[in-house]
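Single-structure report; data block below.
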Amino acid sequence: MGLKIEDISFTYETGTAMQVRALNHISCEIPDDRFIGLIGHTGSGKSTLVQMLNGLLKPTQGRILFNGEDIHGDGYDRKNLRAKVGLVFQYPEHQLFEADVLSDVMFGPRNLGLSEEECRKRASESLFMVGMGERFFKKSPFDLSGGEKRRAAIAGVLAMHPQILILDEPTAGLDPRGRDEILGLISEMKKKLRMTIVLVSHSMDDVARYVDQIMVMNNGKLVYNDVPSEVFRHHKELETMGLSAPQVIYIMEYLKERGLPVNTEVLDIQSAADSIMACMGPAGRGRS
Amino acid sequence: MFENITIGQYYQTRSPLHSLDPRVKLTGTLLYIISLFIVNCAAGYLLAALFLVCMIRLSHVPFRYIVRGMRAILFLLAITMLFNMFLTPGQVLWQAGPLHLTREGLTFAVKMAFRLTFLILGSSLMTLTTTPTQLTDAMESLMRPLKVLHVPVHEIAMMMSIALRFIPILMEEADKIMKAQMARCAEFDSKHLMKKIKSMVPLLVPLFVSAFRRANDLAMAMEARCYRGGEGRTRMNPLIYRTRDWIAYGVVFGFMAAAIALRVFSASLPFPLNL
Chain A
27 MGLKIEDISF TYETGTAMQV RALNHISCEI PDDRFIGLIG HTGSGKSTLV
77 QMLNGLLKPT QGRILFNGED IHGDGYDRKN LRAKVGLVFQ YPEHQLFEAD
127 VLSDVMFGPR NLGLSEEECR KRASESLFMV GMGERFFKKS PFDLSGGEKR
177 RAAIAGVLAM HPQILILDEP TAGLDPRGRD EILGLISEMK KKLRMTIVLV
227 SHSMDDVARY VDQIMVMNNG KLVYNDVPSE VFRHHKELET MGLSAPQVIY
277 IMEYLKERGL PVNTEVLDIQ SAADSIMACM GPAGRGRS
Chain B
13 MFENITIGQY YQTRSPLHSL DPRVKLTGTL LYIISLFIVN CAAGYLLAAL
63 FLVCMIRLSH VPFRYIVRGM RAILFLLAIT MLFNMFLTPG QVLWQAGPLH
113 LTREGLTFAV KMAFRLTFLI LGSSLMTLTT TPTQLTDAME SLMRPLKVLH
163 VPVHEIAMMM SIALRFIPIL MEEADKIMKA QMARCAEFDS KHLMKKIKSM
213 VPLLVPLFVS AFRRANDLAM AMEARCYRGG EGRTRMNPLI YRTRDWIAYG
263 VVFGFMAAAI ALRVFSASLP FPLNL
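Top to bottom, those sequences are chains A and B. FYI, the numbering for the first sequence is 27 to 314, going by the working numbering. FYI, the numbering for the second sequence is 13 to 287, going by the working numbering.
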């Protein structure tokens, strides 16, 4: 189950001089309970692709199946689809509009026609989930800090109880601490709510630590779709696409070239340090 | 969703009309519109049509592209024609209940329709061949004499060019917010009027907030570059009249003179031309 993408293409401004082919014959699957990183340089088509997944854009060619059904088929309930495939846009704080945080988060559930009580319940649960306690509920969303606004906006999508949650560059424009907070929050949500998460980003360092599958896009094509360590093996090719592998991989590659038999498939700093220590022999142990 | 608006758009190409001084185009369009209301006989309309066709050919803008913008005002045109046809007193040609179709009404309606069509085509030709920046520069330059009367000419022109510049940005922003709210299951295509108005709130509030934020940022950026109004401000591309601009003025005034002449002598023209 989950989402299945069958050979989709998409062209902007068809038939004019400004025609742009944003997606070029993409096929892939997004299974249940998976944490996927969607990586690509600016303009690689990743934002276009995620807007396809919840039916906001219609592919000019190809089909998208959700739980086995064509989402552009006759009589398909796309409103319900948008609740099941939640999409958090870039800078989601720009969509806040209500007088207080709680009612803003209730906007999505209300559109689903749920009872007022159910909406309130879902909204407060989602706000707790993103780490915003009751003291925020009656605040104006415009009085929050940047990071808080973003978390409130994520709660707004979470409150619809999506089966798949897509986040388009959720860390854009945040400082390092805000970035770690949001990423930590997302991976915690993944563990607690057992849903599929698609994290769109252009930074490998952001996603490498959390995801179990990476999809790399370049010029509207899906270039790699594999587990992180396999994808990072191609770090030279990634560089020609304006991307890079996480920094630790470069250090490990460098050490290996210099004759230290370290493991080059590590993804975070701690395991890199362990691997280096192991190679240094007894002299290096005990000092970490 | 806003792709189909062509009125007021710029069409990028190279043509004699594109390279004219914007002041000539602005004055020329104004004089053309005035001439449209001077002419009153078939010969005059023919002349106006001929002039317009020549200008469109000179502009290198595809004819179909210009006409596409006309579709938006077709409804307005039809209403004007209907009112003129049935509400002008005169010799009755056809009658149904309280409605009288008169001979005078019919001629007047046809003339009015031509006038309106030419007016819209003429002014959209100006915006198609002139960038908004050029247009506001021309306005500022042409309105400069009003400074004597303490009219803040530069400020008005600056506000206009900023407003024009922000139209595409705000449209893009509106599109983004709309999509973000649709991702939260909002519906914007409701048939019910009250629901439709209500559904605009989640779009308009963030749009206003973002417009104010952008205005604030822009003011800061201008301040940071020491902007302090038009006093002593020079231009990157100063407007200078060249030979072709004087020729263009000559053509426009020639056209206007012909239009006046046709009106004065309209009675002595042979049959179909004097209608």
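The C-beta atom is built at its ideal place from N, Cα and C for all residues, glycine as well.
#### Entry: As assigned by DSSP and simplified to three states, the class of H166/B
helix
Can you tell me the Cβ-Cβ gap for Y23/B and V73/B, rounded? I've got them flagged as a contact below 8 Å.
5 Å
task = From the DSSP output, read off the bridge partner residues of G66/A.
result = The secondary-structure analysis by DSSP pairs G66/A across a beta bridge with M243/A.
Checklist entry - Starting from G172/A and walking both ways along the alpha helix (DSSP H), at which residues does that stretch end? => result 172 to 184
Original post:
Among A298/A, H228/A, K247/A, A179/A, which has the Cα closest to the Cα of V127/A?
Top reply: A179/A
### Query
Within this structure, are the beta carbons of G112/A and L191/A separated by less than 7 Å?
yes
Please confirm whether N137/A has its beta-carbon closer than 7 Å to some beta-carbon of chain B. yes
Determine, for V65/B, whether the minimum Cβ-Cβ distance to residues of chain A falls below 7 Å. no
The alpha helix (DSSP H) with A125/B in it runs from where to where? 115 to 141
Notebook entry, point to check: Under the three-state reduction of DSSP, which class applies to S227/A: helix, strand or coil?
Noted result: In this structure, S227/A counts as strand in the three-state DSSP scheme.
| message | Counting beta carbon pairs with one atom in the segment 57 to 77 of chain B and one in the segment 124 to 131 of chain B, are three or more of them shorter than 8 Å? | response | In this structure the segment 124 to 131 of chain B touches the segment 57 to 77 of chain B; the number of beta carbon pairs closer than 8 Å is three or more.
* Asked: Got a sec, what are the start and stop residues for the alpha helix (DSSP H) G56/B sits in?
  -> 54 to 71
Do you know whose CA, among F98/B, A121/B, G102/B, lies nearest L111/B's CA? Selected option, being the one with the closest Cα: F98/B.
Restricting to Cα atoms, I'd like to know which of M82/B, L89/B, M93/B, G117/B is closest to T100/B. G117/B
Are the beta-carbon atoms belonging to N50/A and S35/A less than 7 Å from one another?
yes
Residues from the segment 202 to 217 of chain B in contact with chain A, defined by Cβ distance under 9 Å:
V213, P214, L215, L216, V217
**Item:** C-beta atoms of N96/B and F120/B nearer than 7 Å
**Value:** One thing to note: N96/B has its Cβ within 7 Å of the Cβ of F120/B.
Practice item. Establish whether the CB of K191/B and some CB of chain A are separated by less than 7 Å. Key: It does: the Cβ of K191/B has a partner Cβ on chain A nearer than 7 Å.
Please indicate yes or no: does the CB of R136/A lie closer than 6 Å to some heavy atom of the ligand GTP? Looking for the ligand GTP in the displayed structure turns up nothing, as the structure carries no ligands at all.
Notebook entry, point to check: Exposed or buried, what is R176/A when buried is set at 16 or more other beta-carbons lying within 10 Å of its beta-carbon?
Noted result: buried
What residues in its chain sit with their C-beta under 8 Å from that of A269/B, if we drop five residues either side in the sequence?
Within the same chain, A269/B has no close Cβ partners at all.
Look at the Cβ atom of I50/B, then the Cβ atom of A271/B, and state whether they are nearer than 7 Å. yes
Exercise. Sorted by chain position, which residues of the same chain lie with C-beta nearer than 7 Å to R275/B's C-beta, five sequence neighbours on each side aside?
Worked result: I50, V51, N52, G56
- request: With 8 Å as the limit, tell me which residues of the segment 162 to 191 of chain A have their beta carbon closer than that to any beta carbon of chain B; keep them in chain order.
  value: Hits within the stretch, in order: F168, G182, V183, M186.
Note to self: Does E55/A come out as helix, strand or coil in the three-state DSSP assignment?
What the structure shows: strand
Would you mind reading off the limits of the beta strand (DSSP E) that contains R76/B?
-> No beta strand (DSSP E) holds R76/B; the alpha helix (DSSP H) holding it covers 75 to 80.
Determine whether the Cβ of C53/B lies closer than 7 Å to any Cβ atom of chain A.
no
Cβ closer than 7 Å: which chain A residues qualify as neighbours of A233/B? Those within 7 Å of A233/B in chain A number zero; the least Cβ separation is about 18 Å.
Three-state secondary structure (DSSP) of Q103/B:
coil
Which first and last residues belong to the alpha helix (DSSP H) in which V213/B is found? 205 to 236
Inset, instruction - Give the straight-line distance between the Cα atoms of L138/A and R156/B, rounded to the nearest whole angstrom. - result: 58 Å
- Message: Against K247/A, what residues of chain B qualify as contacts under a CB-to-CB distance less than 8 Å, listed in chain order?
- Response: By Cβ distance, chain B contributes nothing, its closest Cβ being about 24 Å from K247/A, past 8 Å.
ask   = For a contact meaning CB atoms closer than 9 Å, what does N80/A contact in chain B?
value = M194, A195
**Message:** If distances are taken between C-alpha atoms only, which option among Q189/A, V237/A, N245/A, I90/A comes closest to D58/A?
**Reply:** Q189/A
Any idea which residues DSSP pairs R89/A with across the strands? E32/A
Does the segment 143 to 152 of chain A come into contact with the segment 219 to 233 of chain A, if we say contact requires no fewer than three beta-carbon pairs (one atom in each stretch) closer than 8 Å?
no
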